[in-house]
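For the sequence shown, full-length UniProt numbering begins at 1 and goes up steadily by one. Read the structure below first, then the notes.
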Amino acid sequence: MTYYVCLLTSAMNSLDTPVEQVMTKPVKTVDRELAVRDVSKLLASEAVGSVVVETEYGRGILTKTDIIAGLRDGMDPDTTPVGDLMTTPVKTIDPGAPLEEAIDTMVEHSIKRLVVDGQADGVGILTTTDVMQELSPDLDRVVEMFAEG
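Written as structure tokens, this is what we have:
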């Protein structure tokens with residue numbers, strides 16, 4: 001029984017991990033005036049699902065889903081700047097915030113990405129994939145424990 005408690009405690013402790021230890025960095029950033037086609041090529045070549053868009057007013061985010069929606073709506077990828085498709089304002093989180101806070105924010109706002117801001121050396125991004133990779137080893141052991149009875 002003590003082993004099971006240790007596993008559950010380990011899984012819960014992962015929620016205290018600072019976001020900066022889990023986030024993806026560096027994140028790809030682009031200027032808001034860049035054409036959608038150019039950013040699409042960047043997403044494909046870098047095998048990432050989003051970019052942070054820098055504007056004179058702050059940051060936005062552009063995802064593959066945003067691009068697909070734009071194409072569906074008749075957007076010309078050669079002439080449309082990414083600033084026209086990006087989501088803004090973005091939800092951000094401090095790099096020192098606990099993972100639990102990030103998860104709460106993602107769930108509350110039904111989002112899959114948080115821009116990690118407030119660092120002297122740039123910006124990062126935290127995705128639901130990053131979160132699951134952090135929690136997965138402990139959760140796998142807990143699931144196995146309950147499956148074994």
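Ideal Cβ positions, reconstructed from N, Cα and C, are used throughout, including at glycine. No experiment lies behind these values; they were computed from the predicted model shown.
Short of 6 Å from the beta carbon of residue 15, and not among the five residues preceding or following it, lie these beta carbons of its own chain, in chain order: 99, 100. No residue range can be given for residue 32, since it is assigned to no alpha helix (DSSP H) and is classified by DSSP as neither H nor E. A straight-line Cα-Cα distance of about 6 Å links residue 36 and residue 81. By the Cβ-count criterion, residue 50 is buried, with 16 or more other Cβ atoms from all chains shown falling within 10 Å of its own Cβ. DSSP, read as helix, strand or coil, puts residue 135 in helix. Around the CB of residue 132, fewer than 16 other CB atoms lie within 10 Å, so the residue is classed as exposed.
Under the 10 Å beta carbon count, residue 68 is surrounded by fewer than 16 other beta carbons and is classified as exposed. In the three-state reduction of the DSSP assignment, residue 117 falls in the strand class, which pools E and B. Counting only residues of its own chain and dropping the five nearest sequence neighbours on each side, residue 25 has a CB closer than 6 Å to the CB of 124.
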